[in-house]
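Undergrad:
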Amino acid sequence: MLLIVRDPLDRFLSAFVDKCILDTLGRNIRDNCYGCGKDVACVLKRLYERASSYADNPANSLVVHDDHHFFPQNWHCSMEKYRWNYHVLKYWSDPDRRRKTMNELNEILLKAKVPASDVATISAQTEAYTNHSTVHSSDRIFYRDIIVSNARLLQLLRSIYFHDYEIFGYSSSYADAKSEF
Numbered sequence: 001m002l003l004i005v006r007d008p009l010d011r012f013l014s015a016f017v018d019k020c021i022l023d024t025l026g027r028n029i030r031d032n033c034y035g036c037g038k039d040v041a042c043v044l045k046r047l048y049e050r051a052s053s054y055a056d057n058p059a060n061s062l063v064v065h066d067d068h069h070f071f072p073q074n075w076h077c078s079m080e081k082y083r084w085n086y087h088v089l090k091y092w093s094d095p096d097r098r099r100k101t102m103n104e105l106n107e108i109l110l111k112a113k114v115p116a117s118d119v120a121t122i123s124a125q126t127e128a129y130t131n132h133s134t135v136h137s138s139d140r141i142f143y144r145d146i147i148v149s150n151a152r153l154l155q156l157l158r159s160i161y162f163h164d165y166e167i168f169g170y171s172s173s174y175a176d177a178k179s180e181f
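Read in order, the letters of the sequence shown correspond to residues 1 to 181 in full-length UniProt numbering.
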């Protein structure tokens, strides 16, 4: 089984900019992003509270739309049951690392005997960034700088995604956040 994962800060920023900034342009959405709107500190605090509550008692937790975008990756795909069965492929937003990831994905698919024409189609469709990609967004850079320069916010992020860092082998040190992803 194949699992494609992202650096936790990279994934959080992508979701935050897409759902809390871009999705709200020209619209009056007060309840988006846990009711926090564009306040990244509020989103991280509420996410921490929701994730903690869910971790304590998943059976009694209502999972909302925002949770699907922000909850840790290791909570998906029955990781607690199948963790050791996955081949983990790290996705990167950085163009050079991304190209290596896509090449590795192609090799995995071909080795799994996926027809070359299907691999070519998948490769062509994943080569370009999507319409809702946030990787080159000035908002993304702005909010990344807010998080990595604020010890409290960075600690919240590390606490929320602790197991993603551990399980998937990402560094939680963002001394040079630009080069991390």
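For every residue, glycine included, the Cβ atom is placed at its ideal position computed from N, Cα and C. Values in this document were obtained by computation on a predicted structure and should not be read as measured data.
Between which residues of its own chain and M1 is the CB-CB distance below 6 Å, once the five residues before and five after are set aside?
TA: N85, Y86.
Undergrad: How about I160 and Y48: are their beta carbons less than 8 Å apart?
TA: Yes, these two residues count as a Cβ contact at 8 Å.
Undergrad: If distances are taken between C-alpha atoms only, which option among F162, I147, K90 comes closest to V43?
TA: Nearest C-alpha to V43: I147.
Undergrad: Take R6 and list the residues in its own chain whose beta-carbon comes closer than 6 Å to its own, dropping the five residues that flank it on each side.
TA: Closer than 6 Å at the Cβ level, and outside the excluded window around R6, lie Y91.
Undergrad: Rounded to a whole number of angstroms, what is the C-alpha to C-alpha distance between residue 184 and L109?
TA: What the structure shows of the chain is the stretch from 1 to 181, and residue 184 is not part of that stretch, so it cannot be assessed.
Undergrad: Could you check what DSSP says for K90 in three-state terms: helix, strand or coil?
TA: Correct three-state label for K90: strand.
Undergrad: Once DSSP output is grouped into helix, strand and coil, what is the label at K178?
TA: Its pLDDT being 49, under 50, K178 is placed unreliably in this model, and the value from its coordinates should be taken loosely. The answer is helix: DSSP assigns K178 an H, G or I state.
Undergrad: Is the stretch 32–43 close to the stretch 109–122, with three or more CB pairs under 8 Å?
TA: Touching, no, given that fewer than three Cβ pairs across the two stretches are closer than 8 Å.
Undergrad: Measuring only the C-alpha atoms, how far is K38 from I141?
TA: One C-alpha to the other measures close to 14 Å.
Undergrad: Assuming L154 contacts Y170 (C-beta within less than 8 Å), just tell me the rounded distance between them.
TA: 14 Å between Cβ atoms; not a contact.
Undergrad: Under the rule that 16 or more other beta-carbon atoms within 10 Å means buried, what is S117, buried or exposed?
TA: Classification of S117: exposed, given that the 10 Å Cβ count is below 16.
Undergrad: DSSP state of L157, grouped into three classes?
TA: In the structure shown, L157 sits in a helix (DSSP, three-state: H, G or I).
Undergrad: Under three-state DSSP, which class holds L2?
TA: In the structure shown, L2 sits in a strand (DSSP, three-state: E or B).
Undergrad: Which complete alpha helix (DSSP H) runs does the stretch 31–76 hold, if anything under 4 residues is left out?
TA: Complete alpha helix (DSSP H) runs here, min 4: 32–35, 40–56, 65–70.
Undergrad: With DSSP as the reference, label K81 as helix, strand or coil.
TA: Helix, per DSSP.
Undergrad: Does A120 come out as helix, strand or coil in the three-state DSSP assignment?
TA: DSSP places A120 in helix when its eight states are reduced to three.
Undergrad: Using the C-alpha atoms, what's the distance from E104 back to I4?
TA: Straight-line Cα distance between these residues: approximately 11 Å.
Undergrad: Using three-state DSSP, classify N103 as helix, strand or coil.
TA: Three-state DSSP puts N103 in a helix.
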